[in-house]
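Take the sequence shown: its position 205, counting from 1, is numbered 372 in the numbering used here, and each next residue is one higher.
Here's the structure, in structure tokens; my notes come after.
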Amino acid sequence: YDRQLRLWGANGQKALSESCIVLINATACGTETLKNLVLPGIGQFHIIDDAIVPGVSNHGGVHVQPFSNFFVFPGEKDSSRAEVATRHLSELNPDVKGNFTAVDSLERADYKSILQTIVSETKNVGKVLVICADLPPVILKKISSLCWDGLDLDLDGSTRTSIPLIIAKSYGLIGQVRIQTPYHAIIESKPDNAKPDLRLADVAGDVDGTGTYFSELKDLAASMDLASLDSQQHGHVPYVILLLKALDQWREKYNDEKDASGDGSSSSSTRLPKTFDEKNSYREVVQSMARNKNNEVNFMEADDHAYLAYTSQEIPWEVQGFIDSAEETVQNKIKNGGTTT
Numbered sequence: 168y169d170r171q172l173r174l175w176g177a178n179g180q181k182a183l184s185e186s187c188i189v190l191i192n193a194t195a196c197g198t199e200t201l202k203n204l205v206l207p208g209i210g211q212f213h214i215i216d217d218a219i220v221p222g223v224s225n226h227g228g229v230h231v232q233p234f235s236n237f238f239v240f241p242g243e244k245d246s247s248r249a250e251v252a253t254r255h256l257s258e259l260n261p262d263v264k265g266n267f268t269a270v271d272s273l274e275r276a277d278y279k280s281i282l283q284t285i286v287s288e289t290k291n292v293g294k295v296l297v298i299c300a301d302l303p304p305v306i307l308k309k310i311s312s313l314c315w316d317g318l319d320l321d322l323d324g325s326t327r328t329s330i331p332l333i334i335a336k337s338y339g340l341i342g343q344v345r346i347q348t349p350y351h352a353i354i355e356s357k358p359d360n361a362k363p364d365l366r367l368a369d370v371a372g373d374v375d376g377t378g379t380y381f382s383e384l385k386d387l388a389a390s391m392d393l394a395s396l397d398s399q400q401h402g403h404v405p406y407v408i409l410l411l412k413a414l415d416q417w418r419e420k421y422n423d424e425k426d427a428s429g430d431g432s433s434s435s436s437t438r439l440p441k442t443f444d445e446k447n448s449y450r451e452v453v454q455s456m457a458r459n460k461n462n463e464v465n466f467m468e469a470d471d472h473a474y475l476a477y478t479s480q481e482i483p484w485e486v487q488g489f490i491d492s493a494e495e496t497v498q499n500k501i502k503n504g505g506t507t508t
């Protein structure tokens, strides 16, 4: 699961492993869709189908397969297609539990009773997802309304939870996918441009003015003497320490240049690079500290992440919007005497 963990992370894999996928109509489109969920590691799946596996036909001694479903073979004659597909899909991943329900007719099946049984076994309706494959509108409308209105889990109508529904259809090389869900919040968006939140500017710039903000990290950087380290130790100093020490050197250089120019500006022990030239000058200091930059990975990392030393971390706009929305909800609740609007 290494590659997919890089894609959706540990929490995403955990959510996937706790999910239950209900496939209605085990056509080639349906079983292939389910295959691509079984392989990454869903928790369990349940197939609902009314078809019987047909036998093979003989034309001139050649056995012909009457349909192109890789998980249902015509040799398993008179078997339920749901049972056969479940057995073969379960072989793909031993960690995934498979089950099935063979019905007489998909049009007359009692989907409410079947889904309530599945949810009761799963013990969490929020982990259930229904997939309808190649279903006609008459059947699809019945399932769609049931998933949208939700299941009455308390049997008194007080609690109804909707079930997400995916509708998939395949016509040769042409396919269609529709999603039906009332609300779906993406908590971990995993943006490509996410920046590490190291807050080095707060450490180096002493933003609170007390001299104690992250004092342990500042003391650690000050106590490390790079000149006394051998080559192996020098190449293993964390780049965070290198950035802080380079910032101290850049400040000394900056203050010396100011004193030499005699412009009257005061020296600063907390100044951060601001202009384009100052930032380039700081990067030059970082590069000059390396003994052999091409062989010292930590200095390569320090050079690549030099901007972290002078960039203040701010709350992302989407997080700030969520905080403002939550605050507004609380204020409305207080105004309305404890009830939300």
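Cβ atoms here follow ideal geometry from the backbone N, Cα and C, with glycine treated the same way.
Everything numeric in this text was worked out from a predicted model, so none of it was measured.
Note to self: If contacts are defined as beta-carbon pairs under 8 Å, then Phe318 and Leu282 qualify, I think. What distance do you get, rounded to the angstrom?
What the structure shows: According to the sequence displayed, residue 318 carries Leu and not Phe. With a Cβ gap of about 6 Å, Leu318 and Leu282 count as contacting.
Check: Where His226 and Val220 are concerned, what is the direct C-alpha to C-alpha distance, given to the nearest angstrom?
Finding: Confidence in His226 is poor, its pLDDT being 45 and thus under 50, which makes the residue's placement too unreliable to answer from.
Checklist line | Residues of its chain near Glu250, where Cβ-Cβ distance is below 8 Å and the 5 sequence neighbours each way are ignored | finding: Phe267, Ala269
Check: With distances taken from CA atoms, which of Ile209, Val205, Leu201, Val239 is nearest Cys299?
Finding: Among Ile209, Val205, Leu201, Val239, the Cα nearest to that of Cys299 belongs to Leu201.
Margin query: Rounded to whole angstroms, what is the Cα-Cα separation between Ser186 and Lys308?
Written below: 24 Å
Note to self: Let me check one thing: in DSSP terms, what residues is Gln343 bridge-paired to?
What the structure shows: Partner residues in the beta bridge of Gln343, as assigned by DSSP, are Lys336.
Next item on the list: Name the one or two DSSP bridge partners that Cys314 has.
Entry: None; Cys314 has no bridge partner.
Next item on the list: Might you give, ordered along the chain, the residues of its own chain that have their beta carbon closer than 6 Å to the beta carbon of Ala276, omitting 5 neighbours on each side?
Entry: Val270
Check: Of all the beta strand (DSSP E) runs that stay within the bounds of the segment 435-485, which reach a length of 3 or more residues?
Finding: none
Margin query: By the three-class DSSP mapping on this structure, what secondary structure does Leu296 have?
Written below: The answer is strand: DSSP assigns Leu296 an E or B state.
Note to self: In the DSSP output, which residue or residues are listed as bridge partners for Ser266?
What the structure shows: Correcting the residue identity first, residue 266 is Asn in this sequence and not Ser. Beta-bridge partners assigned by DSSP to Asn266: His213.
Note to self: By the DSSP assignment, the beta strand (DSSP E) with Val220 in it spans what residues?
What the structure shows: Unbroken run through Val220: none, as it is neither H nor E.
Check: In the DSSP assignment, what are the bridge partners of Thr328?
Finding: Leu318
Item checked: Residue range of the alpha helix (DSSP H) that includes Val286 -> 278-289 is the span of the alpha helix (DSSP H), which, as asked, contains Val286.
Margin query: According to DSSP, simplified to helix, strand and coil, what is Ser395?
Written below: In the structure shown, Ser395 sits in a helix (DSSP, three-state: H, G or I).
Notebook entry, point to check: Between Asp262 and Phe237, what straight-line distance do the alpha-carbon atoms span, to the nearest angstrom?
Noted result: 21 Å
Notebook entry, point to check: So, using beta-carbon positions, are Val453 and Asp470 closer together than 8 Å?
Noted result: yes
Check: Skipping 5 residues on each side, what residues in its chain have a beta carbon closer than 6 Å to that of Val344?
Finding: Ala335
Next item on the list: Compare the Cα-Cα distances from Ala476 to each of Leu393, Leu367, Asp491 and report the closest residue.
Entry: Considering only alpha carbons, the answer is Leu367.
Check: For Leu183, which of Thr198, Ile209, Pro440, Leu190 has the nearest alpha-carbon?
Finding: Ile209
Checklist line | Tyr278 classed as buried or exposed, judged by whether at least 16 other C-beta atoms fall within 10 angstroms | finding: buried
Check: Does the Cβ-Cβ distance between Ala388 and Lys420 come in under 8 Å?
Finding: no
Check: Where does Leu190 fall in DSSP's three states?
Finding: strand
Next item on the list: Could you pull out every residue in the same chain whose Cβ sits closer than 6 Å to the Cβ of Glu463, ignoring the five residues on either side in sequence?
Entry: Gly402, Ala457
Notebook entry, point to check: Who pairs with Ser382 in a beta bridge, going by DSSP?
Noted result: Partner(s): none; Ser382 has no beta bridge.
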